[in-house]
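S.K.: Attaching a single structure in structure tokens format; questions to follow.
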Amino acid sequence: MSGSRVLVAGASVAGPALAHWLRRRGAEVTVVERVPCLRPGGQAVDARGVAREVIRRMGLDEAVRAARTDTAGAHTVDVDGNVLETYRADDDGGDGYIAEIEILRGDLSQVLYDDTCDGVEYVFGDRIADLAQDADGVDVTFASGGKRRFDLVVGADGLHSALRAAVFGPREKFVRHLGLVLAFYSVPNEFGLDRWFVEYQDQESARAAGLRPIRDATRAIAMFTFPATGFDVDYRDVEGQKRLLREQTAGLGWLAPRILAHLDDTPDFYLDQVAQVVMDRWSDGRVGLIGDAAYSSSPMSGAGTGLALVGAYLLAGELAAAQWDPKAGFAGYEARMRSFVEANQEIGRLHAESRAVPRPDAEPAPEPDIEALTALIDRAINGLELPGYAGVPDSGPSPRN
């Protein structure tokens, strides 16, 4: 089916990345995003291993590297600021604790949007209000009142995916809380950061605070994590989230009080549970899911962006290889992607567990199986071979690249 019409919900990272590949494979692509414009800033995200190869195949390696944070490495420190451990960005060939390619989510979103905006229709400030599919297509009603028909619809709308809830069921069926809450926001760089991420972890309370440098040396990204067995704060209630953060970080030492002093002045506060999305299928008829909407691995994995980029390449490639037949295309995508997702989700769970406060009656943790852990990490970074999709239409990277 030449010129298959595809609607993608979400314009953060997974959505524009999928739009790039769908357009190259010959589809007519519309991306709808509920907020009125691209959201700047956000958490620093990484690209490792096979995800870096996807960026190269997109023709965006130069643009992504130009926008990266250029973080030299990371220090973990004690409450007095003394360095305990050091990790460099060039460790493990650039795929270590601090990745060679590290970029703010908003900056990566901008690179992807700039690459696709000339050949993809973007609709901001709107959302899918209703949809109904039949054997030949999907009828979509937008919140603005418009109605259109598409051949395929893909949800790339994140952990709290509205499309997933509408088609597959309530979030409680799929979202797995990992016992932590993460918050981050930008602050003035009054802390002397110079290309090094610095993190303090209070082992007794399992709370942590960190400061991450960005390209704008006058600013920094502040980060907090704290344990929470449950999570019932509305992700849209920003003031409630700030109250929760203050309550849960009270008495945390190091630079935490100075960082929290900027909480009311920051333009880009974010707080949410550390969670994964676990589903037994990522498609239903002509509707599919990608990125965090389908298989969030949590920030503890350091792999959410990589999964989105790899998933975008595979989903567009498999759909085109199946001549846009949704059953075959979605099945091929899932078959290639599932093991890679599971490895990265296991990394996320292990990292979250390592941050937990041990119960007083808990048995001492066994010594880790270093060989098995090393194999798991390698599978999570490089454990997927990207098909070449010979014979599948490919318009090539954008001329601007």
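In the working numbering, the protein residues as written are 1 to 401. Backbone N, C-alpha and C fix where the C-beta goes; we use that ideal spot for every residue, glycine too.
1. Closer than 8 Å by C-beta to Val64: which residues in its own chain qualify, once you throw out the five before and the five after it? Chain order, please.
2. Considering Cα atoms alone, identify which of Tyr295, Gly42, Gly332 and Arg164 is closest to Ala343.
3. Kindly indicate which residue of Gly317, Glu371, Leu386 and Ser339 has the alpha-carbon position closest to the one of Ala380.
4. Taking only the alpha-carbon atoms, compute the straight-line gap between Asn382 and Ala44 and give it to the nearest angstrom.
5. Going by Cα to Cα distance, which pick from Leu180, Leu18 and Pro387 is closest to Asp115?
6. Kindly indicate the opening and closing residues of the beta strand (DSSP E) around Ala132.
7. Classify Gly81 as helix, strand or coil using the three-state DSSP reduction.
8. Please report how far the alpha carbon of Asp234 lies from the alpha carbon of Ala390, in whole angstroms.
9. Closest to Gln133 by C-alpha separation, out of Tyr122, Gly125, Val167 and Asp280, would be which residue?
10. Count Cβ pairs between the region 134 to 144 and the region 322 to 341 that sit closer than 8 Å; are there 3 or more?
11. What is the residue span of the beta strand (DSSP E) that Val153 lies within?
12. By Cβ distance below 6 Å, which residues in the same chain neighbour Glu318 in space, the five residues on each side in sequence not counted?
13. For Glu371, list the residues DSSP reports as bridge partners.
14. Got a sec? Which residues, its chain only, sit under 6 Å from Asp151 by beta carbon, not counting five neighbours each side?
15. I need the DSSP call for Ile381, collapsed to helix, strand or coil.
16. My assumption, with CB atoms under 8 Å, is that Thr71 sits in contact with Ile98. Please give the rounded CB distance.
17. Going by DSSP in three states, Val287 sits in which element: helix, strand or coil?
18. Can you list, in chain order, the residues of its chain with a C-beta nearer than 8 Å to that of Leu263? Leave out the 5 residues immediately preceding and following it.
19. Tell me which same chain residues have a C-beta within less than 6 Å of the C-beta of Ser301, skipping the five on either side of it?
20. Which ranges does the alpha helix (DSSP H) cover as unbroken runs of at least 4 residues, wholly within the region 38 to 76, from first to last along the chain?
21. Decide yes or no for the touch test of the region 281 to 293 against the region 187 to 207: beta carbon pairs closer than 8 Å, at least 3 of them.
22. Tell me Trp324's beta-bridge partners as DSSP assigns them.
23. Near Gln276, which residues of its chain fall below 7 Å by C-beta distance, leaving aside the five closest residues on each side in sequence?
24. Between the C-alpha atoms of Arg127 and Gly81, what's the straight-line distance to the nearest angstrom?
25. Indicate the three-state DSSP secondary structure (helix, strand or coil) for Asn401 in the structure shown.
26. Mind checking which residues open and close the beta strand (DSSP E) that includes Tyr200?
27. Which runs of the beta strand (DSSP E) spanning at least 3 residues fall entirely within the region 182 to 253, listed in chain order?
28. Going along the chain, which residues of its own chain have a beta-carbon closer than 8 Å to the beta-carbon of Gly26, five neighbours each way excluded?
29. Suppose the cutoff is 6 Å on Cβ atoms and the five residues either side in sequence are ignored; what does the same chain contact list for Ala303 look like?
30. Between Gly125, Pro40 and Asp90, which has its C-alpha nearest Glu33's C-alpha?
31. Exposed or buried, Leu7, counting other C-beta atoms within 10 Å across all chains shown (16 or more means buried)?
M.R.: Taking the structure as given:
1. Ala47, Ile55, Ile101, Ile103, Leu108 and Val111
2. Tyr295
3. Ser339
4. 21 Å
5. Leu18
6. Ile128 to Gln133
7. coil
8. 46 Å
9. Val167
10. no
11. Leu152 to Gly155
12. Gly329, Gly332 and Tyr333
13. None; Glu371 has no bridge partner.
14. Ser4, Arg5 and Gly137
15. helix
16. 6 Å
17. strand
18. Tyr185, Lys242, Leu245, Arg246 and Phe269
19. Asn344, Ile347 and Gly348
20. 50 to 58 and 61 to 67
21. no
22. Answer is none; Trp324 lacks a bridge partner.
23. Arg176, Leu178, Ser296, Ser297, Ser298, Gln345 and Gly348
24. 46 Å
25. Caution applies to Asn401, whose pLDDT of 44 falls short of 50 and renders its modelled position unreliable; the model cannot decide the point.
26. Trp196 to Asp202
27. 196 to 202, 207 to 213 and 219 to 227
28. Ser2, Gly3, Ser4, Ala320, Pro393 and Ser395
29. Ser297 and Asn344
30. Gly125
31. buried
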